[in-house]
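Heads up, the working numbering is the position in the sequence shown plus 1, with the first residue counted as 1.
Cβ coordinates follow ideal geometry from the N, Cα and C atoms, glycine included.
Being a predicted model, the structure only gives us computed values, none of them experimental.
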Amino acid sequence: MGRLKPLRSMLFVPANNWRFIQSAKEEKPDAIILDLEDAVPMEEKETARWLVKDAIGLLKEAGHNVVIRVNGLTTGLTREDLKFAVQEGVDAIMLPKSESRDDVSKLEKLIESEEREKRLAETGIIPLIESARGVLNVNEIVTASERLIAVGFGAADYMRDLGLSYFSLSPEQTEILYARSRIALASRLAEVPAIDTPFLGLITDKEGLIKESRIALSLGFKGKMCIHPAHIEPINQIFSPSEKDVNLAKKIVEAYEKAKAIGLGAISVEGRMIDEATYKIAKEILMTYEIIIKRTALKSNADM
2 MGRLKPLRSM LFVPANNWRF IQSAKEEKPD AIILDLEDAV PMEEKETARW
52 LVKDAIGLLK EAGHNVVIRV NGLTTGLTRE DLKFAVQEGV DAIMLPKSES
102 RDDVSKLEKL IESEEREKRL AETGIIPLIE SARGVLNVNE IVTASERLIA
152 VGFGAADYMR DLGLSYFSLS PEQTEILYAR SRIALASRLA EVPAIDTPFL
202 GLITDKEGLI KESRIALSLG FKGKMCIHPA HIEPINQIFS PSEKDVNLAK
252 KIVEAYEKAK AIGLGAISVE GRMIDEATYK IAKEILMTYE IIIKRTALKS
302 NADM
C-alpha cells in the first residue's frame, strides 16, 4: 500500500464538473482527489458518480494517481458511491468524517465487496480526520487497516466542531496545533504519511499558503491537500527535500556505509556526528527524492 508515497500535494476536483476534471489532467499534483462529497450538491451526486467512471481512465492515461472522496458513512450515500468509485485504476478511497476504528472497518468491508464482485486488486484507504472525536481516536483510526496509505486532516470541519471559524484562524494557528500534532505523531507510529488540510485563505495569498505549509511540515506532515491548481507547485516545493538536504544525505549514506563495513558505528560528516538513526533519516530523504524524480519523469512521458 506504499505505492503512492510521497503524497506532497493532493488536488481536490469536483467530480460533477467535467471541465475541471479535464483541466486537472494537465496539472502536476502527486494525486488527484475526485470529490463526491462537499464539492458536489445533493442534486448532482448521481451525475458525479457517472462522470467518475470516465474520469478515472482519463486521469490514469495522463499518469495521475487517483483518489476518490466518497460521502461519509452517516449520510447513507457511501455504498452507492463505492459502486462507482471502486474501479480499475483507483488508488484509494478517502473517507470523510472518520471518527473510529469501526468507521474504517465498515468502509473496508464495503470496498472488499465491490472488489470481489469486480475482481479488482486491493484499493487503498485514506481516512480524513475532521472532528474532535476523530482527533482523539486517531491512534485507533490509523491502525485500523493495512490498506491505509495516508491520513488526512480537515481543519475547517474540525474547527466548526469546536465552535470556531476557520476564517478567524490566528496567524500562529494555535487553534489547530494540538490536532495537527496528534495526527502527525499517530501517523508516524503507524508508518503512514499525514496530509495537511487545504489552505482556505485567498487563492492569490501565496505567502499565506507557504507559511501554513511550513508549519505543517515542521510538525511532521508529509504533504498538503489543495483546492486550487495554483497551490500545487508551492506545496510540492515545500514538501520536497531541498538540494542541500539531498547532497548532505548522499554524503552521510556513503560515509556511514563505508564506516560500517570496517566496524565503526559512529562517524563525523561535515562536523556532524552520524549514527544509525541519522543514517536512516538520510536514506529516507534519498528514497523520497528518487521517487519524486521517477514520478516526474513518468508524468512528463505521459504528457508527450
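Proximity below 8 Å, CB of residue i to CB of residue j
i, j, result
"A16", "V41", "yes"
"K29", "I286", "no"
"F154", "R181", "yes"
"V67", "I33", "yes"
"K225", "D197", "yes"
"S150", "V193", "The amino acid occupying residue 150 in the given sequence is Ile; Ser does not appear at that position. Going by C-beta atoms, I150 is nearer than 8 Å to V193."
"L78", "I126", "no"
"D31", "S10", "yes"
"V247", "A187", "no"
"N134", "E100", "Checking the sequence shown, residue 134 turns out to be Arg, not Asn. Yes, the Cβ-Cβ distance between R134 and E100 is below 8 Å."
"I236", "S214", "yes"
Reference residue i; option with closest CA among the options
i, options, result
"G58", "S99, V14, Q88", "Q88"
"T175", "H229, L186, A156", "A156"
"T297", "R148, A283, Q238", "Q238"
"L83", "S99, L60, S101, K110", "K110"
"K61", "A217, Q23, E116", "Q23"
"D39", "I228, S243, P235, A260", "I228"
"E255", "K6, D276, I236", "D276"
"Y280", "L265, I294, L12", "L265"
"I253", "E244, R273, S243, F240", "R273"
"R80", "K46, G202, K295", "K46"
"P230", "F200, D158, L249", "F200"
"R20", "Y167, A145, L52, D92", "L52"
"E116", "P128, L129, G90, L137", "G90"
"L8", "E173, R50, K223, L121", "K223"
Residue range of the unbroken alpha helix (DSSP H) whose run includes residue i
i, result
"A145", "Here A145 belongs to no alpha helix (DSSP H), and DSSP marks it neither H nor E."
"L249", "244-262"
"P15", "From DSSP, P15 is part of no alpha helix (DSSP H) but of the beta strand (DSSP E) over 10-15."
"A133", "133-137"
"L108", "102-119"
"E44", "Segment: none, E44 is in no alpha helix (DSSP H) and carries neither H nor E."
"P235", "233-239"
Residue range of the unbroken beta strand (DSSP E) whose run includes residue i
i, result
"L129", "125-130"
"V270", "268-270"
"A93", "93-96"
"A25", "It is not in any beta strand (DSSP E) - A25 instead sits in the alpha helix (DSSP H) that spans 19-25."
Local Cβ density within 10 Å of residue i, reported as buried at 16 or more and exposed below that
i, result
"K54", "exposed"
"S132", "buried"
"G3", "Here the model assigns G3 a pLDDT of 44, short of 50, so the residue's position is not dependable and the matter cannot be decided."
"L108", "buried"
"K119", "exposed"
"P128", "buried"
Go through the segment 59-91 residue by residue and report every complete run of the beta strand (DSSP E) that reaches 3 residues or more, in order. 67-70
Please specify which runs of the beta strand (DSSP E), each continuous and at least 3 residues long, are wholly inside the segment 144-185, giving them in chain order. 152-154
Pick out the complete alpha helix (DSSP H) segments inside the segment 200-229, 4 residues or longer, and give them in chain order. 207-220
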